[in-house]
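Which chain is which? The protein sequence lines are A and B, in order.
Numbering-wise, this note's numbering puts 52 at position 46 of the first sequence, and it's gapless, one number per residue.
Numbering-wise, this note's numbering puts 204 at position 191 of the second sequence, and it's gapless, one number per residue.
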Amino acid sequence: MPPPPSPTVFVVDDDAAVRKAVSRLLRSAGIAVAVFASPREFLVQYDPGMPGCLVLDLAMPGFNGLQLQTTLAEKGCTVPIIFLSGHGDVSKSVQAMKNGAFDFLTKPVNAKNLLPAIHAAFERDAVSRREHSKLSEICARLDTLTPREREVLEHVVAGRLNKQIASELGVTYATIKMHRARVMTKMKVQAVADLVRLAELCGIRGNSQ
Amino acid sequence: MHGILFDITERRLSEERFRVVVEAAATAMIMVNKKGGIALINKRVENLFGYKRDELIDQPVEMLVPERFRSQHMGYRHDYFGDAQARPMGAGRDLFGRRKDGSEVPIEIGLSPIHTSEGCFVLASIVDISERKQAELEAARQRHALAHLARVATVGELSSSLAHELTHPITAILSNAQAAQRFLNGDDVDLKEVREILNDIVTEDQRAGEVIHRLRSLLKKGEPQKHCDVNLNEVVQDVLKLVRNDLINQHVTADTDLAQNLPSIIGDRVQLKQVLLNLVLNACDAMTNHDSSERQLLIASKLENGTVQLSVTDRGCGIPEKKRDQVFERFFTTKKEGMGLGLSICRSIIDAHEGKIWATNNADCGATFYFSLPVDRRGRKVVIAE
């Protein structure tokens, strides 16, 4: 696998002077920066495959920071968001935190607070990207199962014994054993406990009928 | 000329009668000949100006006029004798008399021509209006104090958004400065970059200064500046800068439709800003219960019948028809936290500028508030030329 591209901070702020100054500060810390004058501009240009985090102004005219946060969440985008707010707008900041903001800093923001927050956000993004790629790999394995194997998997996750599954599905014990062995191979696991864990990661619940 | 012949004794008698009438008059009276010499005064003139009778008789009347008006006064006097009619003097101007001790007294003067065999005289009857002026000044002072109080309250409403306005430049300054510190700690210092950073810091500092200046100009008490040239389009821009963040927070979009080459008017910029600020904040309040896509505000200026007219149109709830006449009355309010002073102060400010302020409901929704102010007459020629 090629090494992941270095993370970038996406600065979204409607004030040109603030954008310029913050991106300078980040460059001085050796951090890659991309700036956007509005949430819309960001949405048009953003590639979710790019690792990094958002530094987002809370109060902007029109489509604002909170709306961008919601839109990204709807798209299933988990990029960490560090909000910058001008004045302590309590209700908005509570809303931002409830919606899963990574951090919340007030302007004027001190480098002492901003840079550690960005590094922590990078770390979180890297972890979630690793998890995400692991998950998609497991899902890809899952996709290789035949419908019958998948059915067997669901019964296994529900904790049934081979005998029970066989009678449930109206096939022989040997057939179930064979299906089960294939599922284990395709899912690249040795123990049933691991199989159950992976299935649960992919959101598969046991067939409890 | 009314040539009437008098017998000498009869004339003496008539002159004596005239003297007695003048002496008994309830106001100060001065009779002046065509050359401007004082021919006759009464006791009240002595009291008013502090001169003895014999210090005034045969002296030029200009000694009772403050020095700065003297040469002008001689011209007026000359013109008057050319077309002598009974009329008040100095229509539209504030008149002052000069006392013996050099102090000035505000006065009103009525002029009547008197034709005699010795030629034409003018009889000036002079009223001391110090007390009335004092009362007017007091009323104006109270009006300004109230207007100032309302401005302070308005700034209070705006304070959080003004604080926000300040955070932009301050944020930029801090990040720039900290970036420069970090760059300077590096091995290979890019001086060009550091120089640019310093320039930006200076620019942002000025920007912060302007916000503070705008705030201070609203808060300062000072004397009203009634005689400044004011361009109302600039007032609109200033007010929009003041409320910019408030509009953002309330999701209000503001559009302008400003007439080009708008002539200036004479007035007090701060007070006119206050009027517009009030109208804009009211318009925003009127729309708080509406969907944010409908929160639109239009500020327009135009030239209309020799006045500059400014209007603020909202798409809010409008004014109940029954209450349309009351909105400018003191203590009338529809707001929970309102004192009902804003619009009444707007009206008193506009009245003091000899303008008009009124409101109408729009055909579709919301209301429009207008005020109009007379165009500066000195500017009118320019307008015609355009």
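Note that the Cβ used here is the ideal one computed from N, Cα and C, for glycine as well.
DSSP lists V140/B as the bridge partner or partners of E121/B. Counting only Cβ-Cβ distances below 9 Å, I210/B has contacts in chain A at A27, R30, in chain order. DSSP places D268/B inside the beta strand (DSSP E), whose first and last residues are 266 to 271.
In this structure, the beta-carbon distance from I261/B to P122/A does not fall below 8 Å. In this structure, the beta-carbon distance from T184/B to P114/A falls below 8 Å. For R308/B, the CB contacts under 6 Å within the same chain, skipping 5 residues up- and downstream, are H264, V265, M300 in chain order. With fewer than 16 other Cβ atoms inside 10 Å of its own Cβ, A22/A counts as exposed.
Contact between I144/A and L207/A is confirmed by a C-beta separation of about 6 Å, below the 8 Å threshold.
A residue is called buried once 16 or more other Cβ atoms fall within 10 Å of its Cβ, and E80/A, having fewer, is exposed. Between V198/A and V162/A, the gap from beta carbon to beta carbon is short of 8 Å.
Across the stretch 106 to 118 of chain A, CB contacts with chain B closer than 9 Å involve T112, K113, P114, V115, N116, A117, K118, in sequence order along the chain. Linking G110/B to G280/B through their CA atoms gives a straight-line distance of about 27 Å. When Cβ pairs closer than 8 Å are counted between the two stretches, the stretch 34 to 42 of chain B is seen not to touch the stretch 124 to 133 of chain B, the count staying below three. For R154/B, the closest C-alpha among the options S116/B, A365/B, N374/B is that of A365/B.
Contact holds between the stretch 141 to 153 of chain B and the stretch 111 to 122 of chain B, because three or more Cβ pairs, one in each stretch, are under 8 Å apart.
Using a Cβ-Cβ cut-off of 8 Å, R195/B is close to L31, S34, A35, A117 of chain A, given in chain order. Residue state for N374/B is assigned as strand, using DSSP reduced to three classes.
Classified as exposed, S306/B has fewer than 16 neighbouring CB atoms from the shown chains inside 10 Å of its CB.
Using a Cβ-Cβ distance cut-off of 8 Å, the stretch 40 to 59 of chain B and the stretch 97 to 105 of chain B are not in contact, since fewer than three pairs of beta carbons, one from each stretch, lie closer than that value. Interface with chain A (8 Å Cβ-Cβ cutoff): N262/B is included. Restricting attention to G88/B, A152/B, H177/B, E334/B, the CA atom closest to the CA of A372/B is found in E334/B. For the pair of segments examined, the stretch 178 to 197 of chain B was found to touch the stretch 26 to 33 of chain A: the number of CB pairs separated by less than 8 Å reaches three.
Secondary structure note for Y179/A: its alpha helix (DSSP H) is the uninterrupted segment 179 to 192. Listed in chain order, the positions of the stretch 13 to 24 of chain A with a beta carbon within less than 8 Å of a beta carbon of chain B are D21, A23, V24.
In the three-state reduction of the DSSP assignment, M44/B falls in the strand class. Ranked by Cα distance from N302/B, the first of L323/B, D327/B, K286/B is D327/B.
In terms of CA proximity to K315/B, N274/B leads the group N274/B, G329/B, Q284/B. Take the alpha-carbon of V168/B and the one of D109/A: they are about 32 Å apart. For N212/B, there are no CB contacts under 6 Å within the same chain when 5 residues up- and downstream are skipped. When the beta-carbon positions are compared, C59/A and V85/A come within less than 8 Å of each other. Contact note: I183/B reaches chain A through K113, P114, using a C-beta cutoff of 8 Å and chain order. No Cβ of chain A is located within less than 8 Å of the beta carbon of A221/B. Distance from the Cα of V288/B is smallest, within the candidate group L175/B, L108/B, G355/B, N244/B, for G355/B. If you ignore the 5 residues before and after I214/B, its C-beta comes within less than 6 Å of the C-beta of I186, N189, all in its own chain and listed in chain order. For the pair L171/B and L255/B, the CB atoms are nearer than the 8 Å cut-off.
Using a Cβ-Cβ cut-off of 8 Å, N302/B is close to nothing in chain A; its nearest Cβ partner there is about 18 Å away.
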